[in-house]
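Reading the sequence shown from the start, the letters are residues -27 to -1, 1 to 67 in mature numbering (1 follows the signal peptide of the UniProt record, and there is no 0).
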Amino acid sequence: MFKYLFAALTALVLVLWGSGTFTPANATTNTTTNDPQVYIWDYTAISSNQVVCKQVAFHAVSRSLPKGVDVQPTHISTKVVDEGYCANLTKPKA
């Protein structure tokens, strides 16, 4: 009984320590434009195992929506950039 309680408390301490120590995503933003931008490691294609650094930009689109819809239409674009932009991010295994 006590070993389960000890294991649960140990797990709780590790989770709380980890959440205070590590940031969930060390993505950086570029503030030179009005559109929010982040940098991520991503695969070049769905079936590919090559990982590249990509810039993801979000651009709000002005268009009418049906009544009751509480979202803002957004155009999302990505492009491959230099790996230096993702230097502080954890690179997934290819």
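In this text, a Cβ means the ideal position worked out from N, Cα and C, and glycines have one as well. Source: prediction; values computed, not measured.
Under three-state DSSP, which class holds residue i?
i      : result
K(-25) : helix
Among the residues of its own chain, which have a CB less than 7 Å from the CB of residue i, if the five just before and after it don't count?
i   : result
W14 : V24, C26, C59, L62, K64, P65
R36 : P46
K40 : none
Go through its chain and collect everything with a Cβ distance to residue i's Cβ below 6 Å, but skip five positions before and after it.
i   : result
I19 : none
From the DSSP output, read off the bridge partner residues of residue i.
i   : result
A33 : T47
I13 : K27
Enumerate in chain order the residues of its own chain whose CB-to-CB distance from residue i is below 8 Å, with the five nearest sequence positions on each side excluded.
i   : result
L38 : V44, P46
Mind reading off the beta-carbon distance from residue i to residue j? Whole number of angstroms is fine, and I expect it under 8 Å.
i   : j   : result
Y12 : V53 : Not confirmed; about 11 Å, so no contact.
Using a Cβ-Cβ cut-off of 8 Å, state whether residue i counts as contacting chain D.
i   : result
D15 : Annotation note: the requested chain D is absent from the structure, which comprises a single protein chain.
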